[in-house]
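Down below is the structure, laid out as structure tokens.
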Amino acid sequence: MGRYIIQRVALGLAILLVAISVLYALMITLPGDPTTVFLGPRATDEMRAVFSERLGLNNPVPVQILQFWGRIFSGDLGEDVLRNRPVATPVFAALPNTLILVLASIGWSAALGILLGAFSAACRNSLVDRVTGVLSVAMLAAPSFVVALWSLLIFAVVLNWFPAIGAGEHGDLADRIHHLVLPSFAIGLAWVGYIARIVRASMLEVMGENHIRTARAFGLPPHKIIYRYALRIAVLPAVSVLGVGVGGLLSSAVFAEIVFARPGIGRLIYESVISRNYPVVMGSMLVAIAFFVMCTLAADLVNAMLDPRLRTSKKS
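Residue numbers (UniProt numbering): 1 to 316.
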């Protein structure tokens, strides 16, 4: 298990290194002069030269990438030159709100999706199975930004059940949960349908395996066979999908944070791209990609704990 963890951590670090390096190279080679963006068209040549030297823009691209990683490994995300503050200040101020939103969306969508998928498989070819299948497809087909807009209109504007904007007052847990419901619902709804379909298909496959037939032959109750023996294996594909799906949730969080005016990494990236504030874009993307890599790693480790065959296959 220790060797498997080391391999997955090394792979995650390699992915992070390559992804951020490619993104940084793309950002600094985009059309347009960064000095004009930051200083304005009336800046003198001397001001441009000082600014370029300050950001290291005069160096070749590979050198800039190495300097960027050197700052990262020393704990410096860079400087927000538009507002004259460290990039870490807005990034880590926005990070908790996005983490709470994404983790809450993963939690409720995974729990409900696994429950619906297992229930649908247990009632195979019944009316319940058909209704669950239709609901799963409908949820899966609903774009997150459309769900966000309609939920805002219905539940916040018309019914006034939930607040329309913001993340709630700090220190008031009930208020923060109240503000979290609609954004979490908007970006998690599609994942309920997706996970339900995956768990149902996996459950039907597992129910035909030898150890399940043996359990039936020993006279174990059907609910015990399904929820104790079959479901443990059937959720493995869903766990893998959830780890990779964090990237999709992060992209959906951009829409949710914009629609609900919720402070977070997604909204910070959007505003920084619009203003071409490249240092903040890079710092935000670094944190977002690192979070994605960690969630993928966590999904791999959970799979390895639930299914020892993954560990043994890696060793062989």
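Think of the CB as a built atom: it goes at the ideal place given N, C-alpha and C, for glycine as much as any other residue.
If we count the other Cβ atoms within 10 Å of its Cβ and call it buried at 16 or more, is residue i buried or exposed?
i	result
Y227	exposed
H223	exposed
N277	buried
S184	buried
S316	Caution is warranted here: a pLDDT of 46 is assigned to S316, below 50, making its placement in the model unreliable, and no coordinate value can be reported.
A304	buried
H170	exposed
M139	buried
S272	buried
A10	exposed
P221	exposed
R3	exposed
A238	buried
G193	buried
V157	exposed
V91	buried
V63	exposed
V146	exposed
R130	exposed
Is the CB-CB distance between residue i and residue j below 8 Å?
i	j	result
S240	I187	no
A25	G283	no
E53	P279	no
V259	I269	no
I28	V81	no
V199	G113	yes
R14	G166	The sequence given here has Ala at residue 14, not Arg. No.
A110	L204	no
L286	I72	yes
L101	A142	no
Q67	G56	yes
G243	C295	yes
V206	A234	yes
Spatial neighbours of residue i within its chain, please: C-beta separation below 6 Å, excluding the five flanking residues on both sides.
i	result
G12	V293, L297
I6	none
R8	L297, D300
V46	Here residue 46 turns out to be Glu, not Val, going by the sequence shown. Once the five neighbours on either side are set aside, E46 has no close Cβ partner at all.
K314	With a pLDDT of 48 at K314, under the threshold of 50, the modelled position of that residue is not reliable, and no figure is offered here.
R176	G168
V302	V239
Taking C-alpha atoms, which residue in the options lies nearest to residue i?
i	options	result
V137	V157, A196, R83	A196
L202	S184, N277, L236	Going by the sequence as given, residue 202 is Ser instead of Leu. It is L236.
V181	E79, Y270, N97	N97
A93	I265, V61, V128	I265
W191	V302, V259, G248, A10	G248
S144	I65, G171, S251	S251
G117	L101, G75, L103, L135	L135
H179	L95, R48, G243, A256	A256
A230	L115, M47, F291, L173	L115
V275	V63, F51, R83, A43	A quick correction: the sequence has Ser, not Val, at residue 275. Among V63, F51, R83, A43, the Cα nearest to that of S275 belongs to R83.
W69	D172, W108, N210, V22	V22
F291	N58, R48, L95, V50	L95
Going by DSSP, what residues sit across from residue i in a beta bridge?
i	result
E79	P86
Looking only at its chain, what residues have a beta carbon closer than 7 Å to the beta carbon of residue i, apart from the 5 residues adjacent to it on each side?
i	result
I289	L16, A19, I20
I225	I212, A215, R216
A253	T98, L101, V102, I187, G264, G266
F155	W161, F162, L182
W108	S184, G188
Leaving aside the five residues before and after residue i along the sequence, list all residues of the same chain whose C-beta is less than 8 Å from its C-beta, in chain order.
i	result
F119	V128, T132
L149	V259
S151	L182, F185, A186
P86	D76, L77, G78, E79, D80
N59	Q67
R124	L204
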